[in-house]
Amino acid sequence: MTPETFPGLVLGIETSCDETSAALLQGREVLTNVVSSQADLHARWGGVVPEVASRMHVEAIVPVLTEALGGRKPDAVAVTDRPGLVGALSVGLTAAKAVSAAWAVPLVGVHHIEAHILSASLADPGLPWPHLCLVVSGGHTELVLVESPGRMRIVGQTLDDAAGEAFDKGARLLGLGYPGGAKVQALAAHGTPGRYRLPRADVPGHDFSFSGLKTAVLRLVEREAETLDAASAALALQDAIVDALAATTERALRALDVEALTLVGGVAANEALRSRLSALSERFVAPPIALCTDNAAMIAYAGSLRLAAGERDGLDLDPRASAPLPGA
Ligand code: KG4
Ligand code: ZN
């Protein structure tokens with residue numbers, strides 16, 4: 028089943044965290060997907076500073092929108108309204124309402140994690156349903172049974188830190204800076220396998236736990252001091268996170284009756300994780316990197332499916348810091 032899309036140009040807007048993004052979608056075709064990242068700015072503080080994020084979205088939103096639209100008028104607008112930083116979400120929502128009101132086009136709010144999950148269906152129209160999705164981002168680590176675009180059930184999740192947080196906190200302890208995931212991956216390529224070993228939490232069922240890992244990295248850094256081989260430490264960190272994600276995903280795949288496995292979210296950019304998970308299912312989909320990290324094309328697509336189903340939101344749409352997945 029290929030989900031039905033909205034017939035017309037859909038503008039997507041994403042401002043839930045530290046990326047300001049706008050995209051234009053025609054059916055399943057991504058015409059533009061403009062992303063302006065604040066990550067370098069937040070690096071100075073070692074993480075996202077909400078007030079700074081909001082101000083940067085205000086600066087970036089009009090130029091990003093203008094570039095994505097390229098003089099075209101959209102037929103509908105989809106915007107991330109939940110979950111995320113409320114001040115940051117408000118900037119995108121206000122822009123989306125202005126577009127909707129000025130051009131008299133329909134507006135729909137989109138759940139950020141739902142959009143990450145659906146990015147696999149944007150990348151592969153033939154993706155079978157139901158499928159199991161591993162969502163791994165800076166704030167989320169969840170195994171989701173995706174029955175249809177509007178029906179998703181969480182079957183496992185992290186009990187503490189998200190996988191992206193484990194990469195970011197580990198990276199900080201190794202002196203690599205924020206955001207750490209891509210830096211850990213790059214440095215790990217020069218590491219010696221087996222030089223260090225970090226623990227994998229033993230969590231029953233389909234849940235995850237990564238909080239013990241940062242303590243273990245801290246101990247390793249303190250123990251080795253000047254003799255620390257940072258590349259091998261980065262490799263050990265990546266191995267521990269990838270192993271834990273893969274082991275639990277494999278257990279969930281065995282327990283559930285699904286035809287495919289998908290991998291989405293910022294941490295899905297990790298090559299080691301992509302290659303490990305691809306071995307777990309004959310039908311494996313991980314979207315291209317540009318659709319894995321925060322972007323508005325996935326918001327436009329999730330919105331397009333809701334619009335095609337006849338759903339609309341009013342101009343009273345409010346941002347929400349947290350919200351369950353649709354149909355959960
Ligand atoms: O989905 P995302 O762009 O933003 C959130 O919604 O959180 O995910 C960001 C997370 C960060 O923790 C970042 O370190 C991680 O994705 N990340 C990676 C890689 N690229 C980004 N983690 C591991 N390996 C990568 N190559
Ligand atoms: Zn995200």
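Residue numbering for the sequence shown follows the numbering used here, beginning at 28 and increasing consecutively.
Ideal placement from N, C-alpha and C gives every residue a C-beta, glycine not left out.
**Report entry** CA-to-CA distance, K100 to D229, given in whole angstroms
**Finding:** 52 Å
Query raised in the report: Roughly how many angstroms separate the alpha carbons of M325 and D284, rounded to a whole number?
Result: 26 Å
Query raised in the report: Under 6 Å from any heavy atom of ligand 1, does the C-beta of Q212 make it?
Result: yes
Query raised in the report: Where does S164 land, buried or exposed, given buried means 16+ other C-beta within 10 angstroms?
Result: buried
Requested in this report: Answer yes if the region 315 to 329 comes into contact with the region 98 to 114, meaning at least three C-beta pairs across the two stretches below 8 Å, and no otherwise.
Outcome: yes
Query - Cβ separation of S146 and P314, assumed to be a contact under 8 Å, to the nearest whole Å - result: 5 Å
**Report entry** Helix, strand or coil at M325 [DSSP, three-state]
**Finding:** helix
Report task. State whether the region 115 to 123 contacts the region 339 to 349, with contact taken as three or more CB pairs (one from each stretch) at a distance under 8 Å. Result -> yes
Query raised in the report: Any heavy atom of ligand 2 within a distance shorter than 6 Å of the CB on D321?
Result: yes
Requested in this report: Go to E86, then tell me how far its alpha helix (DSSP H) extends in each direction, as first and last residue.
Outcome: 77 to 96
Query - Proximity winner among R227, V162, A273, relative to H139 (alpha-carbon distances) - result: V162
**Report entry** Residue interval of the alpha helix (DSSP H) (run including T275)
**Finding:** 257 to 282
Query raised in the report: Is the closest heavy atom of ligand 2 to the C-beta of S164 under 6 Å?
Result: yes
Query raised in the report: P152: beta carbon under 6 Å from a heavy atom of ligand 1?
Result: no
Query raised in the report: Around the Cβ of R281, are there at least 16 other Cβ atoms within 10 angstroms (buried) or fewer (exposed)?
Result: exposed
Report task. Return the CA-CA distance between V182 and G341, expressed in angstroms with no decimal places. Result -> 32 Å
Query raised in the report: Around the Cβ of A80, are there at least 16 other Cβ atoms within 10 angstroms (buried) or fewer (exposed)?
Result: buried
Query raised in the report: For L77, which residues of its own chain have a beta-carbon under 8 Å away from its beta-carbon, when the five flanking residues on both sides are left out?
Result: Reading the sequence as shown, one finds Pro at residue 77 and not Leu. So the list reads L112, G114, A115, once near-sequence residues are dropped.
Query raised in the report: Does the region 32 to 47 come close enough to the region 80 to 100 that 3 or more CB-CB pairs lie under 8 Å?
Result: yes
**Report entry** Separation of V294 from A252, as counted between CA atoms
**Finding:** 28 Å
Query raised in the report: To the nearest whole angstrom, what separates the beta carbons of R246 and V269, a pair I think is in contact under 8 Å?
Result: That pair is no contact at about 20 Å.
**Report entry** Cutoff 7 Å; reference H15; Cβ partners in own chain excluding five residues on either side
**Finding:** Because the chain in this structure spans residues 28 to 355, residue 15 falls outside the shown range and cannot be described.
Query raised in the report: Can you tell me whether E249 is buried or exposed, with buried defined as 16 or more other CB within 10 angstroms of its CB?
Result: exposed
**Report entry** Beta-carbon spacing of P133, R339 below 7 Å
**Finding:** yes
Requested in this report: Flag P314 as yes when its Cβ comes closer than 6 Å to any non-hydrogen atom of ligand 1, and as no otherwise.
Outcome: no
Query raised in the report: Nearest chain D C-beta to G166 closer than 7 Å, yes or no?
Result: The chain inventory of the structure shown lacks chain D, comprising one protein chain alone.
Query - With 16 other Cβ atoms within 10 Å as the buried cut-off, status of T259 - result: Sequence inspection shows Ser at residue 259; the Thr mentioned does not correspond to that position. So S259 ends up on the buried side.
Query raised in the report: Skipping 5 residues on each side, what residues in its chain have a beta carbon closer than 7 Å to that of P220?
Result: L262
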